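Asker: For the sequence shown, the residue numbers in mature numbering (1 follows the signal peptide of the UniProt record, and there is no 0) are -25 to -1, 1 to 269.
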Amino acid sequence: MLKRLWSLLFALCLVPVVALSTAHAEVYFPYVLADIAAPTVDDGLTQVKDRLSGAGFDVVGQYALNGDAQVLIATSGAQQALAAKSEHGGFGAATRISVTAVEGTVQVAYTDPRWMAHAYRLEDDGSALLGRLTAALGNKQSFGSAAGMEKERLRLYQYMIFMPDFEDVEKLASHSNYQAAVAAVEAGLQKGAGGTAKVYRIDIPGKEESLFGVALNEGAGADKAVMGIIDTAPLKHTAHLPYEMLVSGGKVVMLHGKFRMAQSFPDLSMGTFMEISAAPDAIVEALSQAASGK
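#1: If you follow the beta strand (DSSP E) that Ile204 is in, where does it begin and where does it stop?
#2: Can you tell me whether Ser(-5) is buried or exposed? The criterion is at least 16 other CB atoms within 10 Å of its CB, across all chains shown.
#3: List the DSSP bridge partners of Phe234.
#4: Quick one: residues in its chain with C-beta nearer than 7 Å to the C-beta of Leu27, no 5 flanking neighbours on either side, listed in chain order?
#5: Quick check on DSSP: helix, strand or coil for Asp25?
#6: Three Cβ pairs or more, each shorter than 8 Å: is that satisfied between the stretch 88 to 105 and the stretch 208 to 218?
#7: Is the number of C-beta pairs between the stretch 59 to 67 and the stretch 196 to 204 that are closer than 8 Å three or more?
#8: Less than 7 Å between the C-beta atoms of Gly170 and Gly194, yes or no?
#9: Check each candidate in Lys226, Ala208 and Ala9 and name the one with the smallest Cα separation from Leu108.
#10: Buried or exposed for Gly224, please, with buried defined as at least 16 other CB atoms from any protein chain shown within 10 angstroms of its CB.
#11: What's the call for Thr70, buried or exposed, on a 16-neighbour Cβ count within 10 Å?
#12: Applying the 10 Å Cβ sphere with the 16-neighbour rule, what's the burial state of Gly246?
#13: Kindly indicate which residue of Phe137, Gln264 and Asp43 has the alpha-carbon position closest to the one of Val81.
#14: Name the one or two DSSP bridge partners that Arg176 has.
#15: Between which two residues does the alpha helix (DSSP H) harbouring Asp256 extend?
#16: Closest by CA to Ala155, which one among Glu183, Glu142, Lys126 and Ile179?
#17: Where Gly29 and Leu147 are concerned, what is the direct C-alpha to C-alpha distance, given to the nearest angstrom?
#18: Excluding sequence positions up to five away, which residues of its chain have a Cβ less than 8 Å from the Cβ of Pro180?
#19: May I have the straight-line CA-CA distance separating Met124 from Pro5, to the nearest angstrom?
#20: Going by DSSP, name the residue or residues bridged to Asn41.
#21: Under a Cβ-count criterion, where at least 16 other Cβ atoms within 10 Å of its own Cβ denotes burial, should Gly79 be classed as buried or exposed?
#22: Within 10 angstroms of the Cβ of Ser73, are there 16 or more other Cβ atoms? Answer buried if so, exposed if not.
#23: With a Cβ-Cβ cutoff of 7 Å, do Glu145 and His231 count as a contact?
#24: If you measure between the beta carbons of Asn152 and Val7, is that distance less than 7 Å?
#25: Would you call Ser117 buried or exposed, if buried means 16 or more other Cβ atoms sit within 10 Å of its Cβ?
#26: Between the C-alpha atoms of Val16 and Gln45, what's the straight-line distance to the nearest angstrom?
Below you can see the structure in the form of structure tokens.
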């Protein structure tokens, strides 16, 4: 009896410690609001390009959702080397920086590399890359989720139970080898297959892997149609775009649409998700056409 009592007291003593640990666990957010004052979108783009270049980043692409919402894609040798270390790590080879006009102001934001490192299960926590981006672009606040998310949950993230996670990639096409796969994707994007357009390409060093950024211009998965429904918060999630295709060996894959959207919009209501229920399949179809090269 006494032994049981001591066990109970020991367990009760642990409760506040566990609660305190949980209360102070670090949480992460999808985006960072940069500290850049720009009178226009064009000026914001110029400032971002100059600052990134000065900090050792390569700007490899630019995407315009419309005249008021544009995205720059940046990468670096260090980021690519990290992406090469894990399966499908190539999805983490790019940082997306958005410049968006909102009610007379210009918001500059970028994807938080810590969020991406955990969501994409990279062998790093993204802190060093965040430090470089903060030095170049500033860091006014994190946003994109009301409460944020802890590392343990983010590394296993799915919108709801039984929904796709990072490992549930969609296979878009299969080719004889890496060179054939890259050539097919380039040809498909050049043709605009499925209403697509090429935004950028990053070749992962030391690995037969290439990341393609793709604009979607037609159908239920079109960027403008989807963002018009889901990007309604005051701080814009423009840096959600563009989507990606990853060539890995002879395979071409994409992150499952329901995972890719949800990790960019983790607070999306089920009702809003249902409004774009046709988008994930439409995106797969469009990217499959581009990946086939036909």
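For glycine and all other residues, C-beta sits at the position ideal for the given N, C-alpha and C.
This structure is a prediction, so every number in the text was calculated from the model and none was measured.
Answerer: Walking through what the data contain:
#1: Start at 1 with the first residue of the sequence shown, and residue 204 comes out as number 229. Element bounds for Ile204: not the beta strand (DSSP E) but the alpha helix (DSSP H), Asp198 to Ile205.
#2: Start at 1 with the first residue of the sequence shown, and residue -5 comes out as number 21. Residue confidence for Ser(-5) is low, a pLDDT of 37 falling below 50, so the modelled location carries little weight; the figure read from the coordinates is stated next. With fewer than 16 other Cβ atoms inside 10 Å of its own Cβ, Ser(-5) counts as exposed.
#3: Locating residue 234 in the sequence shown gives position 259, counting from the first residue. The partner list for Phe234 (beta bridge, DSSP) is empty, contrary to what the question assumes.
#4: Working through the sequence shown from its first residue, we reach residue 27 at position 52. Val34, Ala49 and Ala111.
#5: Along the sequence shown, one-based indexing puts residue 25 at 50. DSSP, reduced to helix, strand and coil, places Asp25 within a helical segment of the structure shown.
#6: No, the stretch 88 to 105 does not touch the stretch 208 to 218.
#7: Segments in contact, no.
#8: As a first step, residue 170 is located in the sequence shown; it is residue number 195 there, counting from the start. As a first step, residue 194 is located in the sequence shown; it is residue number 219 there, counting from the start. Gly194 is positioned such that its CB atom lies closer than 7 Å to that of Gly170.
#9: Counted from its first residue, the sequence shown places residue 108 at position 133. Nearest option by C-alpha distance: Ala9.
#10: Within the sequence shown, residue 224 is the residue found at index 249, counting from 1. Around the beta carbon of Gly224, fewer than 16 other beta carbons lie within 10 angstroms, which makes this residue exposed.
#11: As a first step, residue 70 must be located in the sequence shown, where it is residue number 95. The residue in question, Thr70, is buried, as its Cβ has 16 or more Cβ neighbours within 10 Å.
#12: In the sequence shown, the residue the question calls residue 246 occupies position 271. By the neighbour-count rule (16 or more Cβ atoms within 10 Å), Gly246 is not buried but exposed.
#13: By one-based count along the sequence shown, residue 81 stands at place 106. It is Asp43 whose Cα lies nearest to the Cα of Val81.
#14: Counting from 1 along the sequence shown, the entry for residue 176 is found at position 201. Answer is Phe187, bridged to Arg176.
#15: Start at 1 with the first residue of the sequence shown, and residue 256 comes out as number 281. Segment Ala254 to Ser267, the alpha helix (DSSP H) holding Asp256.
#16: Here residue 155 refers to the residue found at position 180 when the sequence shown is read from its first residue. Ala155 has its Cα closest to that of Glu183, out of Glu183, Glu142, Lys126 and Ile179.
#17: Here residue 29 is taken as the residue at index 54 of the sequence shown, counted from 1. Here residue 147 is taken as the residue at index 172 of the sequence shown, counted from 1. The alpha-carbon of Gly29 is positioned some 37 Å away from that of Leu147.
#18: On the sequence shown, residue 180 is found 205 positions in, with the first residue counted as 1. Excluding positions up to five away in sequence, the list reads Gly52, Gln55, Ala56 and Ala59.
#19: Sequence index remark: in the sequence shown, residue 124 carries index 149 (1-based). Sequence index remark: in the sequence shown, residue 5 carries index 30 (1-based). Each residue's Cα considered, the two are about 9 Å apart.
#20: By one-based count along the sequence shown, residue 41 stands at place 66. According to DSSP, which records beta bridges pairwise, Asn41 is partnered with Ala44.
#21: Locating residue 79 in the sequence shown gives position 104, counting from the first residue. Its Cβ having fewer than 16 others within 10 Å, Gly79 is exposed.
#22: Translated into the one-based positions of the sequence shown, residue 73 becomes position 98. Residue burial annotation: Ser73 is buried, with at least 16 other C-beta atoms found within 10 angstroms of its C-beta.
#23: Indexing the sequence shown from 1 puts residue 145 at position 170. Indexing the sequence shown from 1 puts residue 231 at position 256. Result yes, Cβ atoms of Glu145 and His231 sit closer than 7 Å.
#24: Start at 1 with the first residue of the sequence shown, and residue 152 comes out as number 177. Start at 1 with the first residue of the sequence shown, and residue 7 comes out as number 32. Against a cut-off of 7 Å, the Cβ pair of Val7 and Asn152 comes out as no contact.
#25: Position 142 of the sequence shown, counted from the start, is the residue given in the question as residue 117. When all chains shown are included, Ser117 counts as buried.
#26: What you label residue 16 is simply residue 41 of the sequence shown in a count that begins at 1. What you label residue 45 is simply residue 70 of the sequence shown in a count that begins at 1. Roughly 8 Å separates the two Cα atoms.
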